[in-house]
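Read the structure below first, then the notes.
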Amino acid sequence: METSDHVLIVDDDRGIRELLAGYLEKNGVRVSLAANGRQMRAALENGAPDLIVLDLMLPGEDGLVLCRELRAGKFRTVPILMLTARNEEADRIVGLEMGADDYLTKPFAARELLARIRSVLRRARMLPPGMEVTESAPMLCFGDWRLDTTARHLLDADGTMVALSGAEYRLLRVFLDHPQRVLTRDQLLNLTQGRQADPFDRSIDLMVSRLRQRLRDGAREPRYIKTLRSEGYVFSATVTAMGDPQ
364 METSDHVLIV DDDRGIRELL AGYLEKNGVR VSLAANGRQM RAALENGAPD LIVLDLMLPG
424 EDGLVLCREL RAGKFRTVPI LMLTARNEEA DRIVGLEMGA DDYLTKPFAA RELLARIRSV
484 LRRARMLPPG MEVTESAPML CFGDWRLDTT ARHLLDADGT MVALSGAEYR LLRVFLDHPQ
544 RVLTRDQLLN LTQGRQADPF DRSIDLMVSR LRQRLRDGAR EPRYIKTLRS EGYVFSATVT
604 AMGDPQ
């Protein structure tokens, strides 16, 4: 990790803040600290960090409220790594749905946090320059389809739900967040699974094929996901963010 990387830690536990700051700084990371939402906003006035480590269980405004605020404002593209003392599946899912990029349960080793930070930053930097994430919205509409991002349901023109696997949902969200952009197989694999492709890895092609089937999108003349030979894929439809599902 380069010394220019800047991480903002938002945690109400002073001991944890200082411990993490000391470890990260020893590993070449510039660190800013905040104990609550007010201090976080004050720190952000000095500019966007490369990543925010955000505790879920904060006094007053909790991490979910702050995550939602960040994703709705000018810092919506800053990666967020959420921390929590509760090892509940529901908390993890809600945090990710609010826009967190990764999730780590306390207690954890400082080196594990550093590894997660590196992984999240690597995924974020796989995107082409200037690419932004669609603002968080309960419903994303494209063509004859609607994606309910809260329930993670794909709905057709008649309102019939089409089941998606977790991997299919993640891939569709990447496409919907970055329409009209060419995404390579390496980028798609990194963004959806957090790993690099080997020379013979065709898992993304298989996943795209399955997603096309869900969207009833023909491979020869696709309406939504187009293949660019030797480059990757592009989601060609217009995506509209809407309010609460009807």
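Quick note on numbering: the sequence shown equals residues 364 to 609 in this note's numbering.
Beta carbons: idealized from backbone N, C-alpha and C, even for Gly.
Check, Outcome
"Rounded separation between residue 428 and residue 407 - CA only", "16 Å"
"Coarse secondary structure for residue 386, derived from DSSP in three states", "helix"
"Bridge-paired residues (DSSP) for residue 505", "508"
"Every unbroken beta strand (DSSP E) inside the region 398-433 [3 residues or more]", "414-418"
"Beta-carbon proximity check, residue 393 vs residue 373, cutoff 9 Å", "no"
"Cutoff 7 Å; reference residue 464; Cβ partners in own chain excluding five residues on either side", "442, 443, 444 and 483"
"Distance CB(residue 476)-CB(residue 416) smaller than 9 Å", "yes"
"Cα-Cα separation between residue 604 and residue 447, rounded to whole angstroms", "29 Å"
"Unbroken stretches of the beta strand (DSSP E), 3 residues or longer, contained in the region 510-581", "516-518"
"Cβ-based neighbour list, residue 400, same chain, cut-off 6 Å, excluding 5 preceding and 5 following", "424 and 429"
"Own chain partners of residue 568 with C-beta closer than 8 Å, once the 5 adjacent residues on each side are dropped", "548"
"Environment of residue 426 [buried if 16+ CB atoms lie within 10 Å]", "buried"
"Coarse secondary structure for residue 604, derived from DSSP in three states", "strand"
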